[in-house]
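Numbering (my numbering), first residue to last: 40 to 315. Built from N, CA and C at the ideal position, the CB exists for glycine as well. Notes for the one structure printed next.
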């Protein structure tokens, strides 16, 4: 019913035109065979055009519905992968089973409604909030990799500190060696970020993959971030590594807010350790 109402709202001018045209045609038409034949050819042509338009509308609606179904399946697969990871990592050990059968992370689908890439402090607005279970401090990812961290939340929306924000630092690691460092944006190129604090003894090369370390519990371990585009020695002991982002933030659309079930417990332990 809602689809039918939306259809009427969108095509009411076309429907009105067709009705008025039909009335005018009926008033004009007399009983001669020639005029009937001419009008018949005309109406068949118009009917064909209208039928084609209705077919296109139906295909568009089916495509949109299929797209939504694929997004939901993708979310389900991501959450299932998290459950399988836990099973593999903890097999043979005592496990803590939570409300999601052992999953440490839950992916909440969202869509970008506002975004910027040309400032020093870029933010992203998503169409999910408290009603969907989003809270401050959650990581945000997309199919290509890391996106940012939730900064503030309302009932239906949230604001995300983008990776393209010079204030955000992420714990990332060189995938081959497992050595981690601090990753941030230097405000220069929206396609590149910088990884620091990787020691000089680590064997790195252009094209190597940089991923999330998983140490902060904000992001799952080994989420892709980018590949090494260049690197050089700085300050004598560490590399400065430029990383080409896998995510094109100018084309960002569908993303996932990542709920970590371990994050509150880890944060509490770390705070207590600092106080001690």
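query: Which residues share a DSSP beta bridge with residue 222?
result: Answer is 209, 234.
message: So if DSSP puts residue 215 in a beta bridge, which residue, or which two residues, is it bridged to?
response: Within the DSSP secondary-structure output, residue 215 pairs in no beta bridge.
- request: Give a yes or no on contact between the stretch 142-155 and the stretch 220-240, applying the rule of three or more CB pairs nearer than 8 angstroms.
  value: These segments do not touch.
- prompt: Nearest CA to the CA of residue 215: which residue from 258, 252, 54?
  reply: The closest CA to that of residue 215, considering only 258, 252, 54, is found on 252.
message: Does residue 212 pass the burial test, meaning 16 or more other C-beta atoms within 10 Å, or should it be called exposed?
response: When all chains shown are included, residue 212 counts as buried.
query: For residue 331, which residues does DSSP report across the bridge?
result: Absent from the structure is residue 331, since the part of the chain shown begins at 40 and ends at 315.
Distance between residue 175 and residue 200 (C-alpha atoms, nearest Å): Rounded to the nearest whole angstrom, the CA to CA distance from residue 200 to residue 175 is 11 angstroms.
message: Applying the 10 Å Cβ sphere with the 16-neighbour rule, what's the burial state of residue 132?
response: Bear in mind that a pLDDT of 38 at residue 132, under 50, signals an unreliable position, so the number given afterwards is only what the model happens to contain. Residue 132 comes out exposed.
query: Which whole-angstrom value describes the C-beta separation of residue 232 and residue 202, a residue pair presumed to lie in contact below a C-beta threshold of 8 angstroms?
result: About 6 angstroms separates the two Cβ atoms, so the contact holds.
query: How many Å lie between residue 56 and residue 296 at the Cα?
result: Taking the Cα positions, residue 56 is about 46 angstroms away from residue 296.
As assigned by DSSP and simplified to three states, the class of residue 300: Note: residue 300 maps to coil in three-state DSSP.
query: Among 54, 53, 152, which one has its Cα closest to the Cα of residue 292?
result: Measuring from the Cα of residue 292, the nearest candidate turns out to be 152.
field: Member of 191, 284, 173 whose CA lies at the smallest distance from the CA of residue 248
entry: In terms of CA proximity to residue 248, 284 leads the group 191, 284, 173.
Alpha-carbon to alpha-carbon, residue 217 and residue 238: In a straight line, the C-alpha of residue 238 is about 12 angstroms away from that of residue 217.
Cβ separation of residue 264 and residue 282, assumed to be a contact under 8 angstroms, to the nearest whole Å: With 8 angstroms as the limit, residue 264 and residue 282 qualify as a contact, their Cβ atoms being about 6 angstroms apart.
task: Classify residue 299 as buried or exposed, calling it buried when 16 or more other Cβ atoms lie within 10 Å of its own Cβ.
output: Label assigned to residue 299: buried.
Exposed unless 16 or more other CB atoms sit within 10 angstroms - verdict on residue 323: Absent from the structure is residue 323, since the part of the chain shown begins at 40 and ends at 315.
- request: Pick helix, strand or coil for residue 254, following the three-state DSSP scheme.
  value: Assignment of residue 254 by DSSP, reduced to helix, strand and coil, places it in the coil class.
query: For residue 206, which of 241, 169, 188 has the nearest alpha-carbon?
result: Nearest C-alpha to residue 206: 188.
message: On the CB-based measure, 16 or more other CB atoms within 10 Å of its CB, does residue 256 come out buried or exposed?
response: So residue 256 counts as buried.
Burial state of residue 271, where buried means 16 or more other Cβ atoms lie within 10 Å: Exposed: under 16 other Cβ atoms inside 10 Å.
task: Could you tell me which residues DSSP puts in a beta bridge with residue 160?
output: Note: residue 160 sits in a beta bridge opposite 204.
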